[in-house]
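Written below as structure tokens is the structure these notes are about.
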Amino acid sequence: ATFAASKKIVFTSRYEDVLSDAAVDAVILVTPHGLHEEQVITAAAAGKQIFCEKPFSLTSASAKRMMTACRAKNLIVGIGHERRYEGALVEMKRMIDAGELGTPLHLEFNASYNLFMGSPATGWRLDTKQAPAGTMTALGVHQTDYIQTLAGRVKTINARMTHRSKDYPSDDILSIHFEFENGMLGSFTSIATTPFYQRMTVFGDRAWAEIREVANVDKPDPTLLTWRDMEDEIHTRTYKRTDTVRENLHEWASAVEGAGDYRFTADQILHNVEILDAIVKSSETCSPVHLADAS
209 ATFAASKKIV
219 FTSRYEDVLS
229 DAAVDAVILV
239 TPHGLHEEQV
249 ITAAAAGKQI
259 FCEKPFSLTS
269 ASAKRMMTAC
279 RAKNLIVGIG
289 HERRYEGALV
299 EMKRMIDAGE
309 LGTPLHLEFN
319 ASYNLFMGSP
329 ATGWRLDTKQ
339 APAGTMTALG
349 VHQTDYIQTL
359 AGRVKTINAR
369 MTHRSKDYPS
379 DDILSIHFEF
389 ENGMLGSFTS
399 IATTPFYQRM
409 TVFGDRAWAE
419 IREVANVDKP
429 DPTLLTWRDM
439 EDEIHTRTYK
449 RTDTVRENLH
459 EWASAVEGAG
469 DYRFTADQIL
479 HNVEILDAIV
489 KSSETCSPVH
499 LADAS
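Numbering-wise, the sequence shown is residues 209 to 503 according to the working numbering.
Structure follows, in structure tokens:
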């Protein structure tokens with residue numbers, strides 16, 4: 209309240225006050241995941257443009273209800289997947305789309321980080337109802353969002369979880385196998401109890417490309433993009449950090465104002481929740497989930 213007053217910002221603890229304020233054009237939701245559905249649907253009913261933190265929702269059915277409400281008001285939904293704006297990730301997608309890797313064959317992603325090992329065990333980010341499937345809602349949904357831009361829609365998911373570290377209150381290892389509709393295969397690993405490690409590799413029949421990061425996005429360390437072609441030459445390019453959160457919000461706001469396109473489609477936002485939902489179900493049942501059957 210003190211900060212808001214110093215900046216002449218209206219402060220309220222009631223969401224209803226925001227939605228009833230005609231001076232408010234849009235809402236940005238940075239709230240626990242389980243609250244997103246009700247907050248998005250009520251904001252849509254009030255005619256507010258919506259930017260929602262990831263994950264959009266926790267289940268496919270919930271996400272569809274939310275998007276139906278937004279589509280009824282012709283809203284442009286923003287989503288907090290700022291990784292699509294990172295220079296190395298933009299370039300890897302360009303290389304694949306341009307055919308420089310040849311036919312994409314397989315991808316391997318790993319996003320591991322012991323970020324929450326010092327968090328209170330009662331915090332909502334460690335509540336399996338609010339944050340199922342280990343680090344999926346914190347780290348993994350960023351990866352699956354980017355994965356679907358590279359490989360398209362996921363056909364089948366086979367996920368497993370286990371608990372290894374005595375210093376963590378729940379399952380700390382997640383391993384996922386993907387089959388994509390286009391025939392590609394892929395894997396994703398996320399470990400909640402090891403120091404930061406991040407790698408994204410895509411293999412094609414003409415070249416492979418790999419992104420490595422040595423620190424989380426809140427640190428200024430650079431990102432490395434490496435690729436190797438049929439001439440057996442290894443190339444490396446370094447990318448500096450940029451404010452991708454700001455870039456995402458700016459592109460969304462520009463799209464809302466009719467000044468450009470937003471790179472996330474409603475179908476992609478929905479499909480990423482379908483992927484999350486399938487990962488949760490597969491890890492709980494220890495069996496494959498076919499997304500066409502689960503939707």
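Glycine residues also receive a C-beta, built at the ideal position from the N, C-alpha and C atoms. Values in this document were obtained by computation on a predicted structure and should not be read as measured data.
Buried is the label assigned to Ala-319, since at least 16 other Cβ atoms lie within 10 Å of its Cβ. Within the stretch 421-453, the runs of beta strand (DSSP E) that reach at least 3 residues and sit entirely inside it are, in chain order, 431-437 and 442-447.
Within the same chain, and ignoring the five residues on either side of Glu-421 in sequence, the residues whose Cβ sits closer than 7 Å to its Cβ are Gln-406 and Thr-431. Per DSSP, reduced to three states, the secondary structure at Gly-242 is helical. Thr-434 has its alpha-carbon roughly 16 Å from the corresponding atom of Pro-312.
In the pairwise beta carbon analysis, the stretch 275-289 is classified as touching the stretch 244-255: at least three pairs are separated by under 8 Å. With contacts defined as CB atoms closer than 7 Å, Ile-477 and Phe-264 qualify as a contacting pair.
Within the DSSP secondary-structure output, Ser-320 pairs in a beta bridge with Tyr-405. In this model, Arg-445 and Thr-409 are separated by some 15 Å (Cα to Cα). Two segments are said to touch when three or more pairs of C-beta atoms, one from each, lie closer than 8 Å; by this definition the stretch 438-457 does not touch the stretch 360-368. Between the stretch 366-384 and the stretch 285-304 there are fewer than three inter-stretch CB-CB distances shorter than 8 Å, so the stretches are not counted as touching. According to DSSP, Gln-257 shares a beta bridge with Ala-234.
Around the beta-carbon of Lys-262, 16 or more other beta-carbon atoms lie within 10 Å, marking it buried. Leu-313 is not bridged by DSSP to any residue. The three-state reading of DSSP puts Val-248 in helix, counting H, G and I together. By the neighbour-count criterion, in which a residue is buried when 16 or more other Cβ atoms sit within 10 angstroms of its Cβ, Thr-450 is exposed. Judged by their CB atoms, Ala-461 and Ile-284 are not nearer to each other than the 7 Å cut-off. Ala-341 and Met-369 have their alpha carbons spaced roughly 7 Å apart.
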